Amino acid sequence: MFPAAPMAGYDRAITIFSPEGRLYQVEYAYEAVKRGMTALGVKASDGVVLAVEKRSASPLVEGTEKIKKIDDHVGVAFAGLFGDARVLIDQARVYAQTHRLVYGEPIPIELLVKRICDIKQVYTQHGGVRPFGVAFLFAGIDRKGPHLIQTDPGGTYLRCKARAIGAGAQKALDLFTKEYHEDIKIDEAVLLALRGLREAMEEGFAAENIELAKIDIYEKSFKIFSPSEVSALISKL
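For what it's worth, our numbering labels the leading residue of the sequence shown as -17, then goes sequentially.
Put into structure tokens, the structure is as follows:
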């Protein structure tokens, strides 16, 4: 019998740390996110914007939606495995509606994010399961104002001003580092998000390959732009 590779046991078992303190299966889940299509968000002083690269593997298949509405006051974009995202988005919707029924008010954004991260974290601790290979960008407004929060496969979340996840994330982040400023308004944030997505996408930057959404303090309702609206905004870049 040939001896097992030195890291094989740690590589297969989700509940065992390697001698270096690493959980390889969780790290592989992060890699699934890095291979996903780019998703990004920008928080303005009066709202939040989400933008996502949308592609289809075949011209015979319609592209899948990568921006989803959770409740009237919150939506989410994601990068990674679509099936994993679908399960967690459905659960987020249940949390949001249950909170409305019990307390008579929209669920606070950070509370919703914490609950989803609790699920993600549990799946890094138990045998017989694998981590969720998806990262989210939650965008919403509550009594504390606008929120842009990223979650990762390990159950960590970060409050962000501007953020990008997926294959082209670094190019978008480089642009945000140069151009983002604290007093940015929602209309400017929409254009900044589109410029970030243009940097991240190697080719095919066009309305039919983009999803765009926003929520602001004026309407307080999560809006997903139509392709014609996206095309009109692209013409302003």
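From the three backbone atoms N, C-alpha and C, an ideal C-beta is built for every residue, glycine too. All values derive from a computational prediction rather than experimental measurement.
Checklist entry - Considering only C-alpha positions, which residue in the set D198, E184 and R145 is nearest to L119? => result When C-alpha distances from L119 are compared across D198, E184 and R145, the shortest belongs to R145.
Checklist entry - What residues in its chain sit with their C-beta under 8 Å from that of D165, if we drop five residues either side in the sequence? => result Hits under 8 Å: S27.
Next on the checklist: Please list the terminal residues of the continuous beta strand (DSSP E) segment that includes T133.
Outcome noted: First-last of the beta strand (DSSP E) with T133: G127 to T133.
Checklist entry - Nearest-angstrom Cα distance between V84 and G65? => result Cα atoms of V84 and G65: separation of roughly 29 Å, rounded to the nearest angstrom.
Item to check | Span of the alpha helix (DSSP H) around L83 | outcome: Its alpha helix (DSSP H) spans residues F64 to Y85.
Next on the checklist: Does P(-12) come out as helix, strand or coil in the three-state DSSP assignment?
Outcome noted: With a pLDDT of 49 at P(-12), under the threshold of 50, the modelled position of that residue is not reliable, and no figure is offered here.
Checklist entry - Roughly how many angstroms separate the alpha carbons of H163 and R68, rounded to a whole number? => result If I take the Cα positions, the gap works out to 33 Å.
Checklist entry - At what residues does the beta strand (DSSP E) containing K102 begin and finish? => result Annotation: K102 is outside any beta strand (DSSP E); the continuous alpha helix (DSSP H) that includes it extends over I91 to V104.
Next on the checklist: Need the endpoints of the beta strand (DSSP E) that I192 sits in, please.
Outcome noted: I192 -> beta strand (DSSP E) spans I192 to D198.
Checklist entry - G137 by DSSP, collapsed to three states: which one? => result Note: G137 maps to coil in three-state DSSP.
Next on the checklist: Here's the rule: buried if 16 or more other CB atoms are within 10 angstroms of the residue's CB, otherwise exposed. What is D237?
Outcome noted: Missing from the structure shown is residue 237; the chain here goes from -17 to 219 and no further.
Item to check | Selection from A149, A171 and Q132 that minimises the alpha carbon distance to R141 | outcome: Measuring from the Cα of R141, the nearest candidate turns out to be Q132.
Checklist entry - Shortest alpha-carbon distance to I199 belongs to which of E161, A121, Y77 and I147? => result Out of E161, A121, Y77 and I147, A121 has the C-alpha closest to the C-alpha of I199.
Item to check | Any alpha helix (DSSP H) of 4 or more consecutive residues that is wholly inside the region 150 to 213 | outcome: As far as the region 150 to 213 is concerned, its whole alpha helix (DSSP H) runs of at least 4 residues are 151 to 161 and 168 to 182.
Checklist entry - According to DSSP, is M(-17) helix, strand or coil? => result Summary for M(-17): the model assigns pLDDT 41, below 50, so the residue's position carries little reliability; its value from the coordinates is reported in the next sentence. When DSSP states are grouped into helix, strand and coil, M(-17) belongs to the coil group.
Checklist entry - Where does K51 fall in DSSP's three states? => result Note: K51 maps to strand in three-state DSSP.
Checklist entry - F114 by DSSP, collapsed to three states: which one? => result DSSP, reduced to helix, strand and coil, places F114 outside both helices and strands of the structure shown, so it counts as coil.
Checklist entry - Sorted by chain position, which residues of the same chain lie with C-beta nearer than 8 Å to S203's C-beta, five sequence neighbours on each side aside? => result Excluding residues within five positions, the ones whose Cβ falls inside 8 Å are D54, H55 and I197.
Checklist entry - What do you reckon, are the CB atoms on K36 and E193 nearer than 8 Å? => result Taking the C-beta atoms as reference points, E193 is found nearer than 8 Å to K36.
Item to check | Candidates K96, V30, T20 and Y6, of which the one nearest L63 by Cα | outcome: Taking L63 as reference, the option from K96, V30, T20 and Y6 with the minimal CA-CA separation is T20.
Checklist entry - How many angstroms separate the CA atom of K16 from the CA atom of A151? => result Distance from the CA of K16 to the CA of A151, rounded to the nearest whole angstrom, comes to 8 Å.
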